[in-house]
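Take the position in the sequence shown, starting the count at 1, then add 9; the result is the number in our numbering. C-beta: ideal position from N, C-alpha, C; glycine also. The structure displayed is predicted, hence computed values, not measured ones.
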Amino acid sequence: MADIPEALPFGAAPEVHGRGLRLRAWDPESETDAAAWLRGRSDPEFRRWNTPLAPERNLAEVRGALTTRLREAAESAAVTFCVADEATGAILGQISVGAVSRPMRTGRVGYWVLPEARGRRVATSALLLATRWAFTEFGMHRLELGHALGHEASCRVAERCGYPPEGTLREAMWEAERRDAFRDCHLHARLSTDPEPDLAP
Numbered sequence: 010m011a012d013i014p015e016a017l018p019f020g021a022a023p024e025v026h027g028r029g030l031r032l033r034a035w036d037p038e039s040e041t042d043a044a045a046w047l048r049g050r051s052d053p054e055f056r057r058w059n060t061p062l063a064p065e066r067n068l069a070e071v072r073g074a075l076t077t078r079l080r081e082a083a084e085s086a087a088v089t090f091c092v093a094d095e096a097t098g099a100i101l102g103q104i105s106v107g108a109v110s111r112p113m114r115t116g117r118v119g120y121w122v123l124p125e126a127r128g129r130r131v132a133t134s135a136l137l138l139a140t141r142w143a144f145t146e147f148g149m150h151r152l153e154l155g156h157a158l159g160h161e162a163s164c165r166v167a168e169r170c171g172y173p174p175e176g177t178l179r180e181a182m183w184e185a186e187r188r189d190a191f192r193d194c195h196l197h198a199r200l201s202t203d204p205e206p207d208l209a210p
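Here you go:
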């Protein structure tokens, strides 16, 4: 198992390839990247299950957010990947390894998929790739995955990718579009010592 690096070269977030996908860094200077990020984070289905801490309202705010993601990667605090089709380069979604604790070798994964890419197991493939990278290249020992109670699609993705449910965290997430009301969160987790699911691409 690799140690968690104290720093990654700024702007040089790793690339991960496989299962027909390319996981790469988001580019704050790319209009295509910024527009895809804004569309994904504004999507009604995303907002049904997630209330961002700092929602972006325009492309300028998106560029600031993406610049922050690069800085976090440089500091090994979190790594946020753009999920793209390996053949066409089309952006399909996002996956991240965040809330990194270097002493505990833990982190938390999160993901979203653009509407036109849903139903193709993009989230499953991206989660498998990011999990393997986090365990073998980034030094993680435990990865957690939380989703709002009732989000059955995310629950299925977690279980397919070898993240068994561990319980319910009471009122651990905001209600949709609220910051004054809370809802329960279903917690899954996977260890570096757990077997990797044998799922065909």
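In the displayed model, A181 falls within a strand according to three-state DSSP. In the DSSP assignment, A34 falls within the unbroken beta strand (DSSP E) covering 30–34. Secondary structure at A108: strand, using DSSP grouped into helix, strand and coil. Every beta strand (DSSP E) of 3 residues or more that sits fully in the region 71–153 is shown, in chain order, as 88–94, 100–110, 115–122. Sorting R130, E205, A143 by C-alpha distance to the C-alpha of W121 places R130 at the top. For the options V166, I104, P23, N59, the alpha carbon positioned closest to that of A157 is the one of N59. E175 is positioned such that its CB atom lies no closer than 7 Å to that of R117.
For the set R192, G49, E205, E24, the Cα lying nearest the Cα of G102 is the one of G49.
Here A190 is not near R57, since their CB atoms are 7 Å or more apart.
Between the region 158–177 and the region 21–34 there are fewer than three inter-stretch CB-CB distances shorter than 8 Å, so the stretches are not counted as touching.
Per the DSSP secondary-structure output, V25 pairs in a beta bridge with L32. Around the beta carbon of R78, a 10 Å sphere encloses 16 or more other beta carbons of the protein chains shown; the residue is thus reported as buried. Cβ neighbours of P61 within its own chain (closer than 8 Å, five residues either side excluded): R50. The shortest CA-to-CA distance from A143 to any of V92, W46, A87, A99 is the one to A87. The three-state secondary structure of P53, taken from DSSP, is helix.
Per DSSP, the unbroken alpha helix (DSSP H) holding C164 starts and ends at 161–169. DSSP links R199 through a beta bridge to L152. Beyond the five residues adjoining it in sequence on each side, L178 comes within less than 6 Å, by CB distance, of C194, L196 in the same chain, given in chain order. Relative to L208, the option among A135, A74, T145, C164 whose CA is nearest is A135.
If you ignore the 5 residues before and after E168, its C-beta comes within less than 8 Å of the C-beta of P174, H197, all in its own chain and listed in chain order.
T115 places its beta carbon 7 Å or farther from that of R141.
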